[in-house]
Amino acid sequence: MSEAHQTLREVLLDPEKNPGLDRDLIFLLEDIATACRIISHLVRNGPFAGNLGEAGSVNVQGESQKELDVIANDVFVKHCSNCSAVAALVSEEVDEVYWLKDDPDSGDYLVYFDPLDGSSNLELNMSVGSIFSITRLNGPIDAGDDRSVLRPGAEQVCAGNSVYGPSTSLVLTAGHGVDGFTHQRGTGEFRLTSPSMKIPVETAEFAINASRYKLWDAPIRRYFDECLQGVDGPRGKSFNTRWIASMVAEVHRILTRGGVFMYPGDAGNRADGGKLRLMYEANPMALVVEQAGGRASTGTERILEIQPTSHHQRVPVILGSKSEVEILGRYHCEAD
Ligand code: P6P
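Okay, structure coming up:
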């Protein structure tokens, strides 16, 4: 089969693309892909299944849960639990850590996921997706001690996300670049459609929720104002902007054509540490973006180097085209 349409399994088993990927990780990734297929089907049939509405519950984030948030979480838990090498699961939708083994040991995996990111878009028929992050234990840990899952993003062995949009895509990295797959209707396979995705170093497109302008710190306002000043301003070029309110869709656009995504710390979210969650949003997306040649920071530090203090910790996020993330980092330094 030509590289262009290899199946997910063929790519994972390809020693040139993914040297040294162990069987347990391959099985786990295939289980995650199955979970994404199931969730994609549920999202597409949402109006008929009557599960696009509110679940009537609130998650650990204090966000009202959609029925599909809860269902998608159960799908991820079920399929990630298939692999005997998974020691624990951390879900955006659940406060506590799911401990799956009494004696986790070296070589076991920790899986962190946001089962349905952007679910406020469901009733709008806008793109949503699942985000996952996998870290491998390099020694025994105490099952039940939640501090054991607090691993820096640089320790991830794999990360990726799906997008349930006009087509269902799956993007993933196992540390050797980023490959994009599309779910092929009929065969049900995820087939390689975007091999070795690369984020252009330069861009003229940025994504930020501009309604929070009055809350932003000086570096973000400076960057935003200069983008709007366009060719007459210090940047000397025009910029375009997008805001989908679905991180998976924003990152997919950036992987496809470049851009910068910002959800900075501001006066409204600083008490919480930011808006986006480190373990199952910022870290996996940062690994994907860096593996595609981009950069991912809080504005002042590389996201993958953050030592977590809580498995639901929030952080500021600036990620995308290398040149723009570096400019934003410089503006933060100059402000200090
Ligand atoms: P706002 C979705 O809830 C999410 O976590 C990200 O996917 C998205 O980028 C962001 O929050 C949207 O935030 O403030 O626009 O609702």
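Residues in the sequence shown are numbered from 0 upward in steps of one, following numbering that gives the first Met the number 0.
C-beta: ideal position from N, C-alpha, C; glycine also.
| Query | Result |
| --- | --- |
| Please state whether DSSP places residue 239 in a helix, a strand or coil. | strand |
| For residue 82, which three-state DSSP category applies? | coil |
| Would you list, in sequence order, the uninterrupted beta strand (DSSP E) runs of no fewer than 3 residues that lie entirely inside the region 155-206? | 155-163, 167-172, 177-182, 189-193, 204-206 |
| Would you mind sorting residue 283 into buried or exposed? The rule is 16 or more other CB atoms within 10 Å of its CB. | buried |
| With distances taken Cα to Cα, identify the nearest neighbour of residue 123 among 86, 42, 29. | 42 |
| Going straight from the alpha carbon of residue 0 to that of residue 211, what length do you get? | With a pLDDT of 47 at residue 0, under the threshold of 50, the predicted position of this residue should be treated as unreliable, and no value is reported. |
| What are the residues that DSSP puts in a beta bridge with residue 47? | According to DSSP, residue 47 bridges with nothing at all. |
| Which residues mark the beginning and the end of the alpha helix (DSSP H) in which residue 219 is found? | 217-228 |
| What are the boundary residues of the alpha helix (DSSP H) that residue 295 is part of? | First-last for residue 295: 294-296, but that is the beta strand (DSSP E), not the alpha helix (DSSP H). |
| What are the residues that DSSP puts in a beta bridge with residue 210? | Paired residues: none, contrary to the question. |
| Contact between the region 89-99 and the region 217-233 is defined here as three or more beta-carbon pairs at a separation below 8 Å; is this criterion met? | no |
| If you pair each beta-carbon of the region 262-276 with each one of the region 177-188, do three or more pairs fall below 8 Å? | no |
| Could you have a look at residue 278 and say whether DSSP puts it in helix, strand or coil? | helix |
| Straight-line CA distance for residue 86 to residue 107? | 6 Å |
| Using DSSP with H/G/I as helix, E/B as strand and the rest coil, what is residue 0? | Note that residue 0 has pLDDT 47, beneath the 50 cutoff, so the model's placement of it is unreliable and the number below is only indicative. Residue 0: coil per DSSP, three-state reduction. |
| What do you reckon, is the C-beta of residue 81 under 7 Å from a heavy atom of the ligand P6P? | no |
| For residue 192, which residues of its own chain have a beta-carbon under 7 Å away from its beta-carbon, when the five flanking residues on both sides are left out? | 179, 180, 181 |
| Please report how far the alpha carbon of residue 249 lies from the alpha carbon of residue 103, in whole angstroms. | 36 Å |
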